[in-house]
């Protein structure tokens, strides 16, 4: 399920983004990028529709995905539901 960013408080949105950008395996290349810069970059992507907040009701967790990945995820979910 997509969670509209405007349904979250500023603090909740920031907390979700901070958790996302500090996950293990998140790589920003050779150049070190500050937490604030990473948070702001992801926040802008969410607010411009380039990234989406997704809630998984099975695991009760959220993640942030590129908007172009939504169709792929929906297809995978449909395939799993038909099994």
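Residue numbers (our numbering): 1049 to 1131. Beta carbons: idealized from backbone N, C-alpha and C, even for Gly.
Backbone CA spacing between residue i and residue j [nearest angstrom]
{"i": "residue 1123", "j": "residue 1056", "result": "27 angstroms"}
{"i": "residue 1110", "j": "residue 1099", "result": "13 angstroms"}
{"i": "residue 1069", "j": "residue 1097", "result": "18 angstroms"}
{"i": "residue 1053", "j": "residue 1114", "result": "14 angstroms"}
{"i": "residue 1081", "j": "residue 1102", "result": "25 angstroms"}
{"i": "residue 1091", "j": "residue 1130", "result": "35 angstroms"}
{"i": "residue 1079", "j": "residue 1089", "result": "15 angstroms"}
Counted within 10 angstroms of its Cβ, other Cβ atoms place residue i as buried (16 or more) or exposed
{"i": "residue 1071", "result": "exposed"}
{"i": "residue 1095", "result": "exposed"}
Contact under 8 angstroms by Cβ, residue i with residue j
{"i": "residue 1016", "j": "residue 1064", "result": "This structure leaves residue 1016 out entirely; the chain is present only between 1049 and 1131."}
Legend entry - Completely contained beta strand (DSSP E) runs for the segment 1054–1125, where each covers 3 or more residues: 1099–1104 and 1109–1114
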